[in-house]
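Residue numbers for the sequence shown follow the working numbering, beginning at 1 and rising by one. Think of the CB as a built atom: it goes at the ideal place given N, C-alpha and C, for glycine as much as any other residue.
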Amino acid sequence: MSFVIAVDGPAASGKGTVASGLARELGLPHLDSGLLYRAVGRALQVAGGDPDDAAAATETARRLDPHDLEDPALRTREAGEAASRVAVHAGVRAALLDFQHAFAAQEPGAVIDGRDIGTVIAPDAPAKLFVTASPEVRAHRRWLQLKDQGVSLDEILADIALRDERDSARSTAPLVQAKDAVLLDTSEMTIEQAADAARRIVEAARARWETSLKGEA
Ligand code: CDP
Ligand code: CDP
Numbered sequence: 001m002s003f004v005i006a007v008d009g010p011a012a013s014g015k016g017t018v019a020s021g022l023a024r025e026l027g028l029p030h031l032d033s034g035l036l037y038r039a040v041g042r043a044l045q046v047a048g049g050d051p052d053d054a055a056a057a058t059e060t061a062r063r064l065d066p067h068d069l070e071d072p073a074l075r076t077r078e079a080g081e082a083a084s085r086v087a088v089h090a091g092v093r094a095a096l097l098d099f100q101h102a103f104a105a106q107e108p109g110a111v112i113d114g115r116d117i118g119t120v121i122a123p124d125a126p127a128k129l130f131v132t133a134s135p136e137v138r139a140h141r142r143w144l145q146l147k148d149q150g151v152s153l154d155e156i157l158a159d160i161a162l163r164d165e166r167d168s169a170r171s172t173a174p175l176v177q178a179k180d181a182v183l184l185d186t187s188e189m190t191i192e193q194a195a196d197a198a199r200r201i202v203e204a205a206r207a208r209w210e211t212s213l214k215g216e217a
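What follows is the structure in structure tokens.
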């Protein structure tokens, strides 16, 4: 069985930073699953399609090469907005399942961050974190990343509120903390403090997982 670390949370909570830090320290592959949805949204936009059109978005997701997620345009504000619109369609989510399941099944393990990793993609993951921060802190962090694109803090705050609402309200795989996920609120934490806290949570989860494997043997 592989040691999967599921890291979920809302936009700009710091989940990607936590996930990539854990992956680096543990020598595990890391998948930022948000890039899959961003790639679908972006491909649809480039083709002049409508992200709210379920059939077109599903077709785009089926044709996506999930190994090709390097385009810097995937990190823009527009791609984030398009991602959250295509992500509501059940067909889009279904088309992206196989790749994520295969990623999670790698030995000796994997770190995946997103919205539904601990609930839908890897419900049996031995380690689950739900990373969050206040909307104001998240907006400020995202604004620091995007301000060169000429966007104001208020616009980012509004984007984040809309995205939180869309991600939490959708019927398929909504953003929700898994019952067995440990909450990590990074509002008052530096990157180093969040990384330390995440490391402790994962060490405890790993010890429990190893004990349970011994019990099964
Ligand atoms: O980095 P940030 O949290 O802003 O966004 P992201 O993780 O790149 O995700 C962009 C959008 O993709 C989210 O707002 C979700 O609508 C969607 N998403 C999802 O539905 N499920 C995931 N596992 C990951 C992202
Ligand atoms: O993946 P997600 O959208 O949740 O957030 P991220 O990309 O990990 O973090 C968003 C920004 O906040 C990055 O520029 C991080 O360096 C920064 N950050 C921070 O300032 N303090 C933290 N505790 C975590 C992240």
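Mapping DSSP to helix, strand and coil, what is residue i?
i, result
"K128", "strand"
"D89", "Just to set this straight, residue 89 is His in the shown sequence, not Asp. In this structure, H89 counts as coil in the three-state DSSP scheme."
"D185", "strand"
"A173", "coil"
"V111", "strand"
"H30", "strand"
"D159", "helix"
Just the Cα atoms here: how many angstroms apart are residue i and residue j?
i, j, result
"V88", "D68", "22 Å"
"A56", "D196", "43 Å"
"K179", "A12", "22 Å"
"Q167", "A95", "For the record, residue 167 in the displayed sequence is Asp; it is not Gln. Cα to Cα, the separation comes out at about 18 Å."
"A291", "E216", "Outside the modelled stretch of the chain, which goes from 1 to 217, sits residue 291, for which no answer is possible."
"D32", "L213", "28 Å"
If you measure between the beta carbons of residue i and residue j, is that distance less than 8 Å?
i, j, result
"P108", "W209", "no"
"A79", "A104", "no"
"A173", "G118", "no"
"L184", "I201", "yes"
"K15", "D159", "no"
Could you tell me if residue i is buried or exposed, where buried requires 16 or more neighbouring beta carbons within 10 angstroms of its beta carbon?
i, result
"L74", "buried"
"Q45", "buried"
"R38", "buried"
"D222", "Residue numbering for the chain in the displayed model covers 1 to 217; residue 222 lies beyond these limits and cannot be assessed."
"R24", "exposed"
Cβ of residue i within 7 Å of any heavy atom in ligand 2?
i, result
"R142", "yes"
"K147", "no"
"G49", "no"
"T211", "no"
"A11", "yes"
Cβ of residue i versus every heavy atom of ligand 1: is any distance shorter than 7 Å?
i, result
"I191", "no"
"G118", "no"
"D154", "no"
"L44", "no"
"A139", "no"
"S84", "yes"
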